[in-house]
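A.B. asks: In the working numbering, each residue carries its 1-based index in the sequence shown increased by 8.
Built from N, CA and C at the ideal position, the CB exists for glycine as well.
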Amino acid sequence: MNRFDFLVLGSGSAGLSFALDVADHGTVGIITKKERAESNTNYAQGGIASVLDKTDSFEEHVHDTLVAGAGMCDPGVVEEIVRSGPDTIRRLITLGADFTRKDGSLHLVREGGHSQNRIIHAADMTGREIERVLLERAEAHPNVTILEHHFAMELITCHHLGEKVTRYSEDNQCFGAYVLNTDSGKVERMLSKVTLLATGGAGQVYLNTTNPEIATGDGVAMAYRAKARVSNMEFIQFHPTSLFHPEADSFLISEAVRGHGAILRNLAGEAFMQHYDERCELAPRDIVARAIDDQLKKRGEDFVYLDTTHLPEEKLKQDFPNIFARCLEFGLNMATDLIPIVPAAHYMCGGVWTNINGETTIKGLFAAGEVACTGIHGANRLASNSLLEAIVVARKAAQKAPEMVRKASFCEDIPEWDDSGTVNTEEWVLISHNRRELQQIMWDYVGIVRSDLRLKRAFRRTKMLHEEVESFYQRTKVSVPLCQLRNMIAVAYLIIRSAMLRKESRGLHFSTDYPHQNEVAEHHTIL
Ligand code: FAD
Ligand code: SIN
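(1) DSSP three-state label for Ile295, please.
(2) From what residue to what residue does the alpha helix (DSSP H) around Phe480 run?
(3) Give the DSSP bridge partners of His167, in chain order.
(4) Report whether the distance from the Cβ of Arg389 to the nearest heavy atom of the ligand SIN is below 8 Å.
(5) If you draw a straight line from the alpha carbon of Asn432 to that of Ile222, how long is it in whole angstroms?
(6) For Leu396 versus Gly77, is the C-beta distance shorter than 9 Å?
(7) Among Lys172, Leu204, Gly170 and Arg175, which residue has its Cα nearest to the Cα of Ala185?
(8) Mind checking which residues open and close the alpha helix (DSSP H) that includes Asp13?
(9) From Ser5 to Ile89, what does the alpha carbon distance come to, in whole angstroms?
(10) Is any heavy atom in the ligand SIN found nearer than 8 Å to the beta carbon of Gly20?
(11) Looking at the ligand FAD, does it come within less than 8 Å of Pro220, judged from the CB to the closest heavy atom?
(12) Just the Cα atoms here: how many angstroms apart are Gly192 and Asn10?
(13) Between the beta-carbon of Met80 and the beta-carbon of His532, is there less than 9 Å?
(14) Tell me whether Gln53, by its Cβ, gets closer than 8 Å to a heavy atom of the ligand SIN.
(15) Per DSSP, Trp361 forms a beta bridge with which residues?
(16) Going by C-alpha distance, which of Gln124, Arg273 and Pro320 is nearest Asp302?
(17) Let me check understanding here. Comparing Cα to Cα, which of Leu28, Ala343, Phe338 and Arg44 lies closest to Asp327?
(18) Can you grab the Cα-Cα spacing for the pair Leu324 / Phe332, in whole Å?
(19) Give the DSSP-derived three-state secondary structure of Arg273 in the structure shown.
(20) If you follow the alpha helix (DSSP H) that Cys491 is part of, which residue opens it and which one closes it?
(21) Decide if the region 505-524 is in contact with the region 471-491; the criterion is three or more beta carbon pairs, one per stretch, under 8 Å apart.
(22) What is the residue span of the beta strand (DSSP E) that Val555 lies within?
(23) Using the Cα positions of Ala52 and Pro220, report the straight-line distance between them to the nearest angstrom.
(24) Less than 8 Å between the CB of His122 and some heavy atom of the ligand ZN, yes or no?
(25) When every heavy atom of the ligand SIN is checked, does at least one fall within less than 8 Å of the C-beta of Leu314?
(26) Count the other CB atoms, across all protein chains shown, that sit within 10 Å of the CB of Gln282; report buried if there are 16 or more and exposed otherwise.
(27) Hey, which unbroken runs of the alpha helix (DSSP H) at 4 residues or more fall wholly within the region 429-454?
(28) Do you know whose CA, among Ala405, Thr190 and Ser250, lies nearest Phe26's CA?
(29) Quick check on DSSP: helix, strand or coil for Cys81?
(30) Counting C-beta neighbours from all protein chains within 10 Å, is the total for Glu119 16 or more, i.e. buried, or is it exposed?
(31) Closer than 8 Å to a non-hydrogen atom of the ligand FAD - does that hold for the CB of Val59?
(32) Is any heavy atom in the ligand FAD found nearer than 8 Å to the beta carbon of Val360?
(33) Is Gly230 a contact residue of the ligand FAD, with contact defined as CB to any heavy atom under 8 Å?
(34) Nearest-angstrom Cα distance between Ala131 and Ala387?
(35) Using a threshold of 8 Å, is the CB atom of Glu137 nearer than that to any non-hydrogen atom of the ligand SIN?
(36) So His158 and Ala31 are supposed to be a Cβ contact under 8 Å. How far apart are they, rounded?
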């Protein structure tokens with residue numbers, strides 16, 4: 009199969025939700041680079057935010073989102089996504105999602121920045137439950153084909169018809185994607201009438217990240233190369249609490265643990281959050297992550313502690329079975345031991361610009377989920393708003409897309425992939441070394457606290473990596489590690505350039521050279 013009415017790149021919450029909704033209107037191909045469940049969605053812990061309690065209101069959820077977003081959210085988009093919350097939860101339950109209940113009602117918890125208990129969850133494995141039901145339903149639909157181990161390399165646009173395309177041109181159109189079948193090693197030309205980019209985030213650009221291996225920013229890089237509008241890439245969210253252990257691979261300790269009363273302490277055992285924000289442990293993530301960073305720098309230490317020892321063991325086991333078990337694997341009992349933690353790159357608030365319906369600046373190309381920048385998160389995402397956004401925007405895109413499919417036809421003039429002049433190479437060390445170097449540069453110079461000097465240094469070094477890898481790419485047969493590295497460098501460039509353009513500190517972007525927020529109206533960074 010190399011043509012689908014709807015081509016979906018990515019099998020996380022956004023891709024699967026869209027696929028399910030459009031499946032009655034035509035053939036759907038879901039392209040996914042590893043096993044079908046492997047996605048950021050699958051690792052989501054805390055939950056999905058929605059107003060369901062009688063004491064809560066849409067106005068409060070909107071207000072909390074706008075406060076976290078530091079003046080950069082699109083209020084109309086926030087309002088629409090927040091108001092779609094209850095329907096989204098009901099639909100997931102109808103599809104079969106088994107969320108945690110208490111006395112028969114959905115159990116609602118709180119996370120940083122929320123003024124109410126409004127996080128619906130499935131213990132501490134909410135993402136796994138959402139991924140499970142969406143996958144099961146998609147697999148059962150006769151119009152849906154899921155192609156695992158298929159890596160989307162490039163979006164096919166007017167450029168591939170030999171037309172000159174300028175950035176954000178209204179005449180550009182997407183006709184599908186070139187996809188590397190990693191089992192056969194062949195690049196396939198996949199034609200579509202509508203394409204959804206749902207490739208998720210880019211945490212792997214940083215040395216320490218809560219994201220799994222798949223999160224290499226492929227979608228943003230492809231869209232940028234295809235000349236789509238990309239926005240607000242400087243706003244990278246660092247989750248305050250990832251497990252600090254040489255073998256833990258930055259395993260996330262959910263914010264919901266702080267929502268249950270866990271306390272942050274420095275190595276002297278002192279609670280410190282009250283010195284930074286009156287909301288203490290439940291301040292928004294940017295504030296908590298910066299406070300931890302400040303403690304580490306001032307005290308010259310490598311980690312701080314998350315203290316849950318005052319919370320009842322049974323409750324910890326019941327509410328956080330996955331986190332409790334994982335900590336035990338590393339010899340840490342949450343009921344008796346302090347848990348060493350550090351911040352880690354977690355979420356990309358910027359991305360491919362879309363409207364509320366997921367439409368990008370390229371015709372026939374939608375984007376939804378973490379790859380997209382709809383305007384809900386602004387300069388800082390409120391916890392548990394992302395699964396909500398991914399599903400709501402994917403659903404809205406699915407309402408628009410069938411009409412486009414009815415009017416479109418496949419573009420038969422698209423050439424097959426041309427790999428003439430390229431050779432196989434054994435120089436894999438170049439890729440792994442450059443990947444590591446890029447991650448280190450981003451961690452050291454483009455992290456929680458930035459400065460002009462650090463950003464300039466990161467820019468120069470990333471440019472060198474770009475030149476080296478681009479020339480390697482031009483003469484080498486394509487492979488997933490090489491394409492991912494190329495995409496990660498492109499994403500790093502977008503983050504650094506955007507950070508350099510912002511001459512203030514706002515939300516997740518903090519610069520020691522411009523420590524204050526500008527009073528003049530905020531601007532969006534557009535590349
Ligand atoms: P993903 O779920 O990441 O799916 C992307 C898909 O695209 C994957 O299938 C991937 O393999 C595929 N893909 C990527 N590139 C390519 C390519 N080139 N070719 C083919 N396929 C490709 N958010 C919340 O709201 N609440 C939470 O509690 C929460 N907890 C989190 C905990 C962790 C540890 C992490 C990492 C994130 C968490 N988030 C949470 C964020 C949230 O999980 C993600 O933002 C959301 O799941 C993104 O969904 P998505 O569909 O956009 O992308
Ligand atoms: C968490 O459980 O802390 C993650 C929630 C989120 O990223 O929204």
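C.D. replies: If we stick to the structure as given:
(1) As a position in the sequence shown, residue 295 is number 287, starting the count at 1. In the structure shown, the three-state DSSP call for Ile295 is helix.
(2) Taking the first residue of the sequence shown as 1, we reach residue 480 at position 472. Judged by DSSP secondary structure, Phe480 falls within the alpha helix (DSSP H) whose first and last residues are Asp460 to Arg483.
(3) The sequence position of residue 167 within the sequence shown is 159, counting from 1. According to DSSP, His167 bridges with nothing at all.
(4) For the purposes of this step, residue 389 is taken as residue 381 along the sequence shown, with counting starting at 1. Yes, since a heavy atom of the ligand SIN falls inside the 8 Å radius drawn around the Cβ of Arg389.
(5) As a working mapping, residue 432 is identified with position 424 in the sequence shown. As a working mapping, residue 222 is identified with position 214 in the sequence shown. Cα-Cα distance, rounded: 24 Å.
(6) Counted from its first residue, the sequence shown places residue 396 at position 388. Counted from its first residue, the sequence shown places residue 77 at position 69. For the 9 Å CB-CB criterion, Leu396 and Gly77 do not form a contact.
(7) Reading the sequence shown from its first residue, position 177 is the one you call residue 185. That would be Leu204, whose Cα lies nearest to the Cα of Ala185.
(8) As a first step, residue 13 is located in the sequence shown; it is residue number 5 there, counting from the start. Taken as a continuous stretch (DSSP letters only), Asp13 belongs to no alpha helix (DSSP H), being part of the beta strand (DSSP E) at Arg11 to Leu17.
(9) Outside the displayed span of the chain (9 to 535) sits residue 5, for which this structure offers no information.
(10) Indexing the sequence shown from 1 puts residue 20 at position 12. Result no, Cβ not under 8 Å from the ligand SIN.
(11) Here the question's residue 220 lines up with position 212 in the sequence shown. Yes, Cβ of Pro220 sits closer than 8 Å to a heavy atom of the ligand FAD.
(12) As a position in the sequence shown, residue 192 is number 184, starting the count at 1. As a position in the sequence shown, residue 10 is number 2, starting the count at 1. The question names Gly, but residue 192 is Ser in the sequence shown. Taking the straight line joining both Cα atoms gives about 14 Å.
(13) Here residue 80 corresponds to residue number 72 of the sequence shown, with the count starting at 1. Here residue 532 corresponds to residue number 524 of the sequence shown, with the count starting at 1. Taking 9 Å as the Cβ cut-off, Met80 and His532 qualify as a contacting pair.
(14) Here residue 53 refers to the residue found at position 45 of the sequence shown. At least one heavy atom of the ligand SIN is nearer than 8 Å to the Cβ of Gln53, so yes.
(15) As a position in the sequence shown, residue 361 is number 353, starting the count at 1. Note: Trp361 sits in a beta bridge opposite Cys381.
(16) Along the sequence shown, one-based indexing puts residue 302 at 294. Of the listed residues, the one whose Cα sits closest to Asp302 is Arg273.
(17) Looking up residue 327 in the sequence shown gives position 319. Of all alpha-carbon atoms in Leu28, Ala343, Phe338 and Arg44, the one lying nearest the alpha-carbon of Asp327 is that of Ala343.
(18) Counted from its first residue, the sequence shown places residue 324 at position 316. Counted from its first residue, the sequence shown places residue 332 at position 324. Distance between Leu324 and Phe332, taken at the CA atoms: about 7 Å.
(19) Residue 273 sits at position 265 when you count from the first residue of the sequence shown. Strand, per DSSP.
(20) One-based indexing of the sequence shown puts residue 491 at position 483. Its alpha helix (DSSP H) spans residues Val488 to Leu509.
(21) Contact between the region 505-524 and the region 471-491 is not established, with fewer than three Cβ pairs separated by less than 8 Å.
(22) Any answer about residue 555 is impossible in this case: the structure gives the chain only from 9 up to 535.
(23) The count along the sequence shown starts at 1 and reaches residue 52 at position 44. The count along the sequence shown starts at 1 and reaches residue 220 at position 212. C-alpha separation (whole angstroms): 11 Å.
(24) Judged by which ligands are present, the ligand ZN is missing from the structure shown, whose ligands are the ligand FAD and the ligand SIN.
(25) Residue numbering aside, residue 314 sits at position 306 when the sequence shown is read from its first letter. False, no ligand heavy atom lies under 8 Å from that Cβ.
(26) As a first step, residue 282 must be located in the sequence shown, where it is residue number 274. With fewer than 16 other Cβ atoms within 10 Å, it is exposed.
(27) Scanning the region 429-454 for uninterrupted alpha helix (DSSP H) segments of 4 residues or longer gives 436-453, listed from N- to C-terminal end.
(28) Position 18 of the sequence shown, counted from the start, is the residue given in the question as residue 26. Taking only the C-alpha atoms, the option nearest Phe26 is Ala405.
(29) Mapped onto the sequence shown, residue 81 falls at position 73. It is coil, neither helix nor strand.
(30) Reading the sequence shown from its first residue, position 111 is the one you call residue 119. Looking at its Cβ environment, which holds 16 or more other Cβ atoms inside 10 Å, Glu119 is buried.
(31) By one-based count along the sequence shown, residue 59 stands at place 51. Not so, every heavy atom of the ligand FAD lies at least 8 Å from the Cβ.
(32) Position 352 of the sequence shown holds residue 360. Not a single heavy atom of the ligand FAD lies less than 8 Å from the C-beta of Val360.
(33) Counting from 1 along the sequence shown, the entry for residue 230 is found at position 222. Looking at the sequence provided, one finds Met at residue 230 rather than Gly. Yes, Cβ of Met230 sits closer than 8 Å to a heavy atom of the ligand FAD.
(34) In the sequence shown, residue 131 corresponds to position 123, counting from 1. In the sequence shown, residue 387 corresponds to position 379, counting from 1. Whole-angstrom Cα-Cα distance: 29 Å.
(35) As a first step, residue 137 must be located in the sequence shown, where it is residue number 129. No; taking the cut-off as 8 Å, the Cβ of Glu137 has no heavy atom of the ligand SIN nearer than that.
(36) In the sequence shown, the residue the question calls residue 158 occupies position 150. In the sequence shown, the residue the question calls residue 31 occupies position 23. That belief does not hold up - the Cβ atoms of His158 and Ala31 are roughly 19 Å apart, past 8 Å.
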